[in-house]
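Novice: Here's a structure for you.
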Amino acid sequence: MDQIATTPFHLDRLEPTLMNRTARAFADRMAARRSVRHFSDEPVPLEVVEEAVRAAATAPSGANLQPWRFVVVTDAERKRRLREAAEAEEIEFYTRRASREWLDAVAPMGTDWQKPFLETAPVVIVVFEVHQGPQTPKPYYVKESVGIAVGVLITALHLSGLATLTHTPSPMRFLNEICDRPAEERACLVMPVGYPAEGVTVPQLTRKALSEVMVLR
1 MDQIATTPFH LDRLEPTLMN RTARAFADRM AARRSVRHFS DEPVPLEVVE EAVRAAATAP
61 SGANLQPWRF VVVTDAERKR RLREAAEAEE IEFYTRRASR EWLDAVAPMG TDWQKPFLET
121 APVVIVVFEV HQGPQTPKPY YVKESVGIAV GVLITALHLS GLATLTHTPS PMRFLNEICD
181 RPAEERACLV MPVGYPAEGV TVPQLTRKAL SEVMVLR
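Letter by letter, the sequence shown follows residues 1 to 217 of full-length UniProt numbering.
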């Protein structure tokens, strides 16, 4: 097998004090990130969304096959159809399929089957995993790769001043039809994107302390 071509790599090396200040500032900005369920319908610069997707597409992936597709939905009619289909699945989930344990766990978040943000938010990004198909090779570590890319996307949107939410209707097969995507692409996440609605509030949550999530050995 031929070896892949290589290219020189350079990483700016910061002085330790600046390195620490940069890392702390980034962590502080991300600590302010929250999932938002109520959006303004005010348009957002599409170029900002495109740049956030471009950043997400730099994520590492298994064998560098980049098994992701980001469908950016802005058409009002398509968003309406998306909301109707998602709510149909959510009604079934909340009333029949969800366990009492799950319902109790999400109760403090105030979530239910109604998903108006899918229609109100000016942009909805549907993230697809790309599996093997007529024009696509067999991918490796698909969920891990796409998960990392979504993390970068959430970060890029937040740092750009846009709010978002990770929504996972189940099942998601309806998204292929609405987004005109082939069968080898499998939806894994729906992300409304926009400005928070005026006066919006979010649940008052606490995050685990660093000592609870980081272990030094």
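Positions of the beta carbon are idealized from the N, C-alpha and C atoms, including for glycine.
Which first and last residues belong to the beta strand (DSSP E) in which residue 128 is found?
Specialist: 123-130 is the span of the beta strand (DSSP E), which, as asked, contains residue 128.
Novice: Rounded to whole angstroms, what is the Cα-Cα separation between residue 161 and residue 2?
Specialist: Going from the Cα of residue 161 to the Cα of residue 2 covers about 44 Å.
Novice: Can the beta-carbon of residue 200 be found less than 9 Å from the beta-carbon of residue 157?
Specialist: No.
Novice: Mapping the DSSP letters down to three states, classify residue 136 as helix, strand or coil.
Specialist: In this structure, residue 136 counts as strand in the three-state DSSP scheme.
Novice: Between which two residues does the beta strand (DSSP E) harbouring residue 186 extend?
Specialist: Here the beta strand (DSSP E) through residue 186 covers 185-194.
Novice: What residues are listed by DSSP as bridge partners for residue 170?
Specialist: According to DSSP, residue 170 bridges with nothing at all.
Novice: With a Cβ-Cβ cutoff of 9 Å, do residue 53 and residue 72 count as a contact?
Specialist: Yes, Cβ-Cβ distance for residue 53 and residue 72 is below 9 Å.
Novice: Are the Cβ atoms of residue 182 and residue 61 separated by less than 9 Å?
Specialist: Contact flag unset, no.
Novice: With DSSP collapsed to three states, give me the class of residue 73.
Specialist: Correct three-state label for residue 73: strand.
Novice: With residue 137 and residue 65 assumed to form a contact (beta carbons below 8 Å), what rounded beta-carbon distance in angstroms separates them?
Specialist: With a Cβ gap of about 6 Å, residue 137 and residue 65 count as contacting.
Novice: From this set, 84, 195, 164, which residue's C-alpha is nearest residue 113's C-alpha?
Specialist: Cα-wise, what sits closest to residue 113 is 84.
Novice: In this structure, how does DSSP classify residue 9 when only helix, strand and coil are distinguished?
Specialist: Here residue 9 sits in coil by DSSP.
Novice: Can you tell which of 167, 172, 27 has its C-alpha closest to the C-alpha of residue 111?
Specialist: The candidate whose alpha carbon is nearest that of residue 111 is 167.
Novice: Just reading off the alpha helix (DSSP H) that residue 50 is part of, what are its end residues?
Specialist: That run of the alpha helix (DSSP H) goes 46-56.
Novice: For residue 170 and residue 93, what's the separation of their Cα atoms in angstroms?
Specialist: When rounded, the distance between both Cα atoms is 7 Å.
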